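Chemist:
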Amino acid sequence: DPKSQNYLHGRLHNLHQFASERYGLPTLNSFFSATSNTVNQTQVRVGYIPESAYQAMLNRLNNLSGLDKETQHGLKILLILAYRTGMRRGELLKLRLSDIEESHESWIYVVNNRYGNNKTDSARRKIPAYLLLLPEELQQFQKYIGRRRSQNRHTTNTLVFSDPHAVTTPHSGTMVSNLIKYLLSQCGLSELTFHHLRHSALTNLMFVMHCNTLFVASFTVYKLKHAEKIRHELYCANPESRRDIYHAISGLAGHLTPETTFLHYIHEASLLLWDKVQAYSPVLSVSNARYFSGLPMEFLDTYLAQRESKTLELIEVRSEIVSQLIPHTRYVQAEPEAEKPIDEETLKVNSYPSATVTDCYCALSDIENGESVGVVAMRYALNEQQVLFWFENAKWLQGLKTNRGNQRLFSKEMKPTALGIHLLPPKIQDQATTAEVGQTIDKLRSLYKKDKANAMWCIQYWIYNSSLSKAGVRFTTPTKLEHFINTLHSVIPYARWQLKLLITPQSNPSDIRSWRVKGITKPVLEHVKTGKNIQAYLTLRHTDEETILLKPNRKRNLSQYSSTLLRHVFHILAIMIGIEPKEEHGSTVPNVPVRTETAAGEAAQAQHVEVIQKSPLSDNGTAPDDIAQPSSLSELGAGIHSPQEQSQQTELYDALEKYLGMKV
296 DPKSQNYLHG
306 RLHNLHQFAS
316 ERYGLPTLNS
326 FFSATSNTVN
336 QTQVRVGYIP
346 ESAYQAMLNR
356 LNNLSGLDKE
366 TQHGLKILLI
376 LAYRTGMRRG
386 ELLKLRLSDI
396 EESHESWIYV
406 VNNRYGNNKT
416 DSARRKIPAY
426 LLLLPEELQQ
436 FQKYIGRRRS
446 QNRHTTNTLV
456 FSDPHAVTTP
466 HSGTMVSNLI
476 KYLLSQCGLS
486 ELTFHHLRHS
496 ALTNLMFVMH
506 CNTLFVASFT
516 VYKLKHAEKI
526 RHELYCANPE
536 SRRDIYHAIS
546 GLAGHLTPET
556 TFLHYIHEAS
566 LLLWDKVQAY
576 SPVLSVSNAR
586 YFSGLPMEFL
596 DTYLAQRESK
606 TLELIEVRSE
616 IVSQLIPHTR
626 YVQAEPEAEK
636 PIDEETLKVN
646 SYPSATVTDC
656 YCALSDIENG
666 ESVGVVAMRY
676 ALNEQQVLFW
686 FENAKWLQGL
696 KTNRGNQRLF
706 SKEMKPTALG
716 IHLLPPKIQD
726 QATTAEVGQT
736 IDKLRSLYKK
746 DKANAMWCIQ
756 YWIYNSSLSK
766 AGVRFTTPTK
776 LEHFINTLHS
786 VIPYARWQLK
796 LLITPQSNPS
806 DIRSWRVKGI
816 TKPVLEHVKT
826 GKNIQAYLTL
836 RHTDEETILL
846 KPNRKRNLSQ
856 YSSTLLRHVF
866 HILAIMIGIE
876 PKEEHGSTVP
886 NVPVRTETAA
896 GEAAQAQHVE
906 VIQKSPLSDN
916 GTAPDDIAQP
926 SSLSELGAGI
936 HSPQEQSQQT
946 ELYDALEKYL
956 GMKV
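Add 295 to a position in the sequence shown, counting from 1, and you land on the number used in my numbering.
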């Protein structure tokens, strides 16, 4: 501990000084001056990330697996802001959409909020994103912010960076630091950390503000015109102002004075000093020239005699100074560094990036509220045919009925929509379940890659064998139950399941034992008066079930509390992927891969366009095998046979034509 060392140093000095004055011992002043107080000897962890490494980090971030596209895009924007603006990690993670100015300049306001306070009072500042980001980066940033605003118009305190299903829960700082550390190590910079993005940003800004075109071209990718604009707008050139370029940089960094910026963050001060010294050329007398240049008096006298002058400028004798130093100069051959050229396409975004679950939910929510498909597709930068595909799947699921004629997936008590029908499952209300959505989809994505057929079977089985009237999914055979649970084991642990058996008068103990599944707690038995065979209902325990059950409930005493997680996730994935009609779905456990029917819509000009549906369960957005596709919207109704269902389908098509403004 430096404080402890300094304290001990001072006390030993006092002891020896007392002994010297009282008993005549040596003072040891030379020793204590050589080991002086270390209070101001700050240790700085120096590090600089070159532009080529930063571009490589962006590329590797694009190729990371296990992240949904929305989170991946957000982390990419976070990296861009950290490297270009020098914002601290905590400042980025607590940034809200309301802290971004809604203008073409996109000023960023760093203020205290519910997610965290600034490090110091001087950290409260505003940052000009339009100045510091490259044009392509600014376009990406504004597009990302626009999408977040469109998706969360009714959510206050929405964060800029979060999981897509928990927009008021910040990313873990440790997770972000570890990710950046991993990306740096992949670029051969394993000794650096997230904070060195800030070091690099401020060092680059110093080069820009220093007005040396060689430094700007060598260390940054700013064009000279862009660098000049940064200098002009950040630096007040008023001669009466005491604010110089160094105060401008420290202000942007959130430091009270330039001292902190220079001491901790500017790592190429020697280059800046060299540039200043090189440009320094005072007018010197002979005696001063001797001390400044180190040249012998004989040379200076001869030079001044030839010029018939008593003074000279230092720059006039620079060549002679260099020639005198050459014999004492030792050159070190640097190893050639193979820098990967920066691809100008690196930061460009595809016209239609892979759609996410959040995209689907927001798009269909807007359609429910009366927006047209075309407007929604434009708002969220989605392929219009893909939005039509979701729309048709959602309508088809909305029309699913139970044997008693009730809606299978929607409650009659749901508020009516402007469209007249509901397309989406109800939004999850509790935060604990909301936080699980992203993780569950990620795990389902991994399962889908390994075993597409069984993953699809589980989703379809849940859709066709669950309803709002009873909690859970119904099973009539132990084989399907065991297959369902074992298939989803990597997604849902055994301990989360709760099984209830409906015991009929004809049931015997061996029948009951056949329903036991390894890993699941003892099932709840409920005796019924009718029926031949045992039926089972499988529910998912709420992650906070124990806490919820301990709370007093005025209406009834609860023995269990189930989660709506799978109902929500399976429903939205069924919309995005499309599932087989029940007649084709079958009742047996699949042994071969399932082929899924998808459809493309007709364009506004009545042109038939084939669109490959991208599966949200596939990392790259493309299903692992070919997917058969009908050629028009009319083929989506091929699985409907009964007059009642056909009539309902006609009504749904009328609603579609009304809001599309086209004949379907």
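Beta carbons are placed, not taken as given, at the ideal position from N, Cα and C, and that holds for glycine.
The model shown is predicted, which means the values in this text are computed figures rather than measured ones.
Less than 8 angstroms between C-beta atoms, sequence neighbours within five positions excluded: which residues of the same chain meet that for residue 760?
Modeler: Working through the sequence shown from its first residue, we reach residue 760 at position 465. Here the set comprises 768, 769 and 770.
Chemist: Taking the alpha helix (DSSP H) that residue 360 falls in, what are its first and last residues?
Modeler: For the purposes of this step, residue 360 is taken as the residue at position 65 of the sequence shown. Where residue 360 is concerned, there is no enclosing alpha helix (DSSP H), given that its DSSP letter is neither H nor E.
Chemist: Based on Cα-Cα distance, which residue from 824, 794 and 829 lies nearest to residue 1014?
Modeler: The question about residue 1014 has no answer, for the chain in this structure spans 296 to 959.
Chemist: Can you give the Cα-Cα distance for residue 529 and residue 613, rounded to whole angstroms?
Modeler: As a working mapping, residue 529 is identified with position 234 in the sequence shown. As a working mapping, residue 613 is identified with position 318 in the sequence shown. Near 35 angstroms, if we compare the C-alpha coordinates of residue 613 and residue 529.
Chemist: Do you know whose CA, among 839, 652 and 523, lies nearest residue 863's CA?
Modeler: By one-based count along the sequence shown, residue 863 stands at place 568. Comparing Cα-Cα distances from residue 863 to each of 839, 652 and 523, the minimum goes to 652.
Chemist: Which of the three DSSP states, helix, strand or coil, is assigned to residue 305?
Modeler: Within the sequence shown, residue 305 is the residue found at index 10, counting from 1. Note: residue 305 maps to helix in three-state DSSP.
Chemist: Am I right that residue 865 and residue 780 are in contact with their C-beta atoms under 8 angstroms? What's the rounded C-beta distance?
Modeler: Within the sequence shown, residue 865 is the residue found at index 570, counting from 1. Within the sequence shown, residue 780 is the residue found at index 485, counting from 1. Actually they do not touch by this definition, with Cβ atoms about 15 angstroms apart.
Chemist: Which residues bound the alpha helix (DSSP H) around residue 489?
Modeler: Residue numbering aside, residue 489 sits at position 194 when the sequence shown is read from its first letter. Here residue 489 belongs to no alpha helix (DSSP H), and DSSP marks it neither H nor E.
Chemist: With a 10 Å radius around its C-beta and 16 neighbouring C-beta atoms as the bar for buried, classify residue 459 as buried or exposed.
Modeler: As a first step, residue 459 is located in the sequence shown; it is residue number 164 there, counting from the start. Classification for residue 459: buried.
Chemist: Using the C-alpha atoms, what's the distance from residue 382 back to residue 369?
Modeler: Locating residue 369 in the sequence shown gives position 74, counting from the first residue. Locating residue 382 in the sequence shown gives position 87, counting from the first residue. Looking at the two C-alpha atoms, the distance is approximately 15 angstroms.
Chemist: Roughly how far, in whole angstroms, is the beta-carbon of residue 472 from the beta-carbon of residue 343, given that I think they are within contact range, below 8 angstroms?
Modeler: Sequence index remark: in the sequence shown, residue 472 carries index 177 (1-based). Sequence index remark: in the sequence shown, residue 343 carries index 48 (1-based). Contact flag wrong, Cβ pair sits at about 18 angstroms.
Chemist: If you reduce the DSSP assignment to three classes, tell me which class residue 650 lands in.
Modeler: Here residue 650 refers to the residue found at position 355 when the sequence shown is read from its first residue. Coil.
Chemist: Going by beta carbon distance, what residues of the same chain come within less than 6 angstroms of residue 349, once the five residues before and after it are set aside?
Modeler: As a working mapping, residue 349 is identified with position 54 in the sequence shown. So the qualifying residues of the chain are 378.
Chemist: When you compare the CB positions of residue 720 and residue 843, do they come within less than 8 angstroms of one another, or not?
Modeler: The sequence position of residue 720 within the sequence shown is 425, counting from 1. The sequence position of residue 843 within the sequence shown is 548, counting from 1. In this structure, residue 843 does not lie closer than 8 angstroms to residue 720 by Cβ.
Chemist: Return the chain-ordered ranges of every beta strand (DSSP E) run that is complete within the stretch 720-770 and spans a minimum of 3 residues.
Modeler: The qualifying runs are 765-770.
Chemist: Look up residue 314 in the DSSP assignment and say whether it is helix, strand or coil.
Modeler: Within the sequence shown, the letter at position 19 stands for residue 314. It is helical.
Chemist: Once you ignore the five residues that flank residue 323 on each side, which residues in its own chain have a CB closer than 6 angstroms to its CB?
Modeler: One-based indexing of the sequence shown puts residue 323 at position 28. Cβ within range, chain order: 311.
Chemist: Where DSSP assigns a beta bridge to residue 820, which residues make up the other side?
Modeler: The residue labelled residue 820 in the question sits at position 525 within the sequence shown. Answer is 796, bridged to residue 820.
Chemist: Per the DSSP calculation, residue 608 is bridged to which residue(s)?
Modeler: The residue you call residue 608 lines up with position 313 of the sequence shown. Looking at the DSSP assignment, residue 608 forms a beta bridge with 578.
Chemist: Let me know the alpha helix (DSSP H) ranges lying completely inside the stretch 546-595, each 4 residues or longer, listed in chain order.
Modeler: Qualifying alpha helix (DSSP H) stretches, in chain order: 553-559, 564-574 and 581-588.
Chemist: Please state the DSSP three-state secondary structure of residue 369.
Modeler: Against the sequence shown, residue 369 aligns to sequence position 74. Note: residue 369 maps to helix in three-state DSSP.
Chemist: What would DSSP say about residue 354, mapped onto helix, strand or coil?
Modeler: Translated into positions along the sequence shown, residue 354 becomes position 59. Here residue 354 sits in helix by DSSP.
Chemist: Taking the straight line between their C-alpha atoms, what separation do you get for residue 927 and residue 729?
Modeler: As a first step, residue 927 is located in the sequence shown; it is residue number 632 there, counting from the start. As a first step, residue 729 is located in the sequence shown; it is residue number 434 there, counting from the start. Confidence is the limiting factor: at residue 927 the pLDDT is only 30, short of 50, which leaves the residue's position unreliable, though a coordinate-based value still follows. Residue 927 and residue 729: Cα-Cα distance of roughly 36 angstroms.
Chemist: With distances taken Cα to Cα, identify the nearest neighbour of residue 800 among 821, 596 and 500.
Modeler: Walking along the sequence shown from the start, residue 800 turns up at place 505. Nearest C-alpha to residue 800: 821.
Chemist: Going straight from the alpha carbon of residue 788 to that of residue 426, what length do you get?
Modeler: Counting from one through the sequence shown, the residue named residue 788 turns up at place 493. Counting from one through the sequence shown, the residue named residue 426 turns up at place 131. Roughly 50 angstroms separates the two Cα atoms.
Chemist: In three-state terms, what does DSSP make of residue 463?
Modeler: For the purposes of this step, residue 463 is identified with residue 168 of the sequence shown, where counting begins at 1. In the structure shown, residue 463 sits in a strand (DSSP, three-state: E or B).
Chemist: Taking the Cβ atom as the reference point for each residue, do residue 831 and residue 763 lie within a distance shorter than 8 angstroms?
Modeler: Indexing the sequence shown from 1 puts residue 831 at position 536. Indexing the sequence shown from 1 puts residue 763 at position 468. No, the Cβ-Cβ distance between residue 831 and residue 763 is not below 8 angstroms.
Chemist: Between residue 443 and residue 392, is the Cβ-Cβ spacing less than 8 angstroms?
Modeler: Locating residue 443 in the sequence shown gives position 148, where the first residue counts as 1. Locating residue 392 in the sequence shown gives position 97, where the first residue counts as 1. Yes, Cβ-Cβ distance for residue 443 and residue 392 is below 8 angstroms.
Chemist: Nearest CA to the CA of residue 576: which residue from 560, 609 and 549?
Modeler: Counting from one through the sequence shown, the residue named residue 576 turns up at place 281. Residue 576 has its Cα closest to that of 609, out of 560, 609 and 549.
Chemist: Taking the beta carbon of residue 620 as the centre, do at least 16 other beta carbons fall within 10 Å, making it buried, or is it exposed?
Modeler: One-based indexing of the sequence shown puts residue 620 at position 325. Flag for residue 620 reads exposed.
Chemist: According to DSSP, which residues form a beta bridge with residue 395?
Modeler: For the purposes of this step, residue 395 is taken as the residue at position 100 of the sequence shown. Bridge partners of residue 395: 403.
Chemist: Using 8 angstroms as the threshold, is the C-beta distance between residue 456 and residue 390 below it?
Modeler: Locating residue 456 in the sequence shown gives position 161, where the first residue counts as 1. Locating residue 390 in the sequence shown gives position 95, where the first residue counts as 1. Contact flag set, yes.
Chemist: Assuming residue 373 and residue 387 make a contact with CB atoms under 8 angstroms, what is their CB distance in whole Å?
Modeler: Walking along the sequence shown from the start, residue 373 turns up at place 78. Walking along the sequence shown from the start, residue 387 turns up at place 92. About 6 angstroms; that satisfies the 8 angstroms criterion.
Chemist: Is it the case that the stretch 412-429 contacts the stretch 542-562, given that we only count it when at least three CB pairs across the two stretches are under 8 angstroms?
Modeler: Yes, the stretch 542-562 touches the stretch 412-429.
Chemist: Say whether the stretch 731-746 touches the stretch 685-704, bearing in mind that this needs 3 or more beta-carbon pairs closer than 8 angstroms, one atom from each stretch.
Modeler: No: the two stretches stay apart, fewer than three of their Cβ pairs being nearer than 8 angstroms.
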